[in-house]
Amino acid sequence: MELTFAVLVMGVGATWTVDVWAVVRQLLLGVPRPNYGHLGRWLGHMTRGQFLHKSIAAAAQYPGEAVIGWIAHYLIGIAFAALLLAVTGPGWLAVPTIGPALLFGIGTVLAPFLLMQPGMGAGIAAARAPRPAYTRLQSVLTHAVFGLGLYASAWLTH
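Below you can see the structure in the form of structure tokens.
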């Protein structure tokens, strides 16, 4: 039960850190926040057998897509927290160090690069996005923030 609680705290805490980062980034830099409704739309269409889209924004809306997307966003964060502990071992929680959390967080950028962006129509690593290099940079920075959130949240489990 203790490990389950730690995974929940870390996953929710790190994902919340990403959400705070998105607000700060929007206020200071004018970068739009992610639309998790598009994630929900993509996942919703999967239940109908459609996994790839030319443009997820142009795809038909899916009932409850915003709620689905936000729930999936947090569940993915929790799953990544569990995976970090599977990789480092639960002993890492006794004295969390920033290195593994930050590297793991940055490594999670492979999920959007190889799954989400291609599935939603942006291509591998956002190759078909209007500004691919900029989109990639924002993805890497966001996943680095996720890693920092994993580290900070791990300390909260003490």
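Each residue of the sequence shown is one higher than the one before, starting from 48 at the first, in the numbering used here.
Every residue, glycine too, gets a C-beta built ideally from N, C-alpha and C.
On a predicted model such as this, the values are computed, not experimentally measured, just so you know.
Whole angstroms is fine: what's the gap from residue i's alpha carbon to residue j's?
{"i": "P159", "j": "P79", "result": "17 Å"}
{"i": "I125", "j": "A107", "result": "28 Å"}
{"i": "G77", "j": "L203", "result": "31 Å"}
{"i": "G116", "j": "A199", "result": "24 Å"}
{"i": "F193", "j": "A113", "result": "21 Å"}
{"i": "R178", "j": "L99", "result": "21 Å"}
{"i": "T189", "j": "Y109", "result": "26 Å"}
{"i": "V59", "j": "F52", "result": "11 Å"}
{"i": "P81", "j": "S102", "result": "15 Å"}
{"i": "Y121", "j": "T155", "result": "14 Å"}
{"i": "V187", "j": "L150", "result": "11 Å"}
Since I believe residue j is in contact with residue i (beta carbons under 8 Å), could you give me their beta-carbon distance rounded to a whole number of angstroms?
{"i": "V54", "j": "L157", "result": "In fact, because the Cβ distance is near 20 Å, the residues do not count as touching under 8 Å."}
{"i": "A61", "j": "G196", "result": "3 Å"}
{"i": "A191", "j": "G152", "result": "6 Å"}
{"i": "A105", "j": "H85", "result": "Actually they do not touch by this definition, with Cβ atoms about 11 Å apart."}
{"i": "A172", "j": "R183", "result": "6 Å"}
{"i": "M57", "j": "A128", "result": "4 Å"}
{"i": "P137", "j": "L50", "result": "6 Å"}
What is the DSSP secondary structure of residue i, counted as helix, strand or coil?
{"i": "V142", "result": "coil"}
{"i": "H4", "result": "Here the chain covers residues 48 to 205 and nothing more, so residue 4 does not appear."}
{"i": "P177", "result": "coil"}
{"i": "T129", "result": "Checking the sequence, you will find Ala at residue 129 rather than Thr. A129 falls in the helix class under three-state DSSP."}
{"i": "A41", "result": "In this structure the chain extends from 48 to 205, so residue 41 is not present and cannot be described."}
{"i": "A169", "result": "coil"}
Check your understanding: Within the chosen definition, does the segment 84-92 reach the segment 156-170 through at least 3 CB pairs nearer than 8 Å?
Key -> They touch, by the three-pair rule.
Exercise for review: Spell out a yes or no on whether the segment 61-81 and the segment 132-146 are touching, meaning 3 or more CB-CB pairs, one atom from each, closer than 8 Å.
Suggested key: Contact between the segment 61-81 and the segment 132-146 is absent, with fewer than three C-beta pairs closer than 8 Å.
Review point. Which parts of the segment 61-120 are runs of the beta strand (DSSP E), unbroken and 3 residues or longer, counting only runs that do not cross its ends?
Key: Taking only runs of at least 3 residues, no beta strand (DSSP E) segment lies wholly in the segment 61-120.
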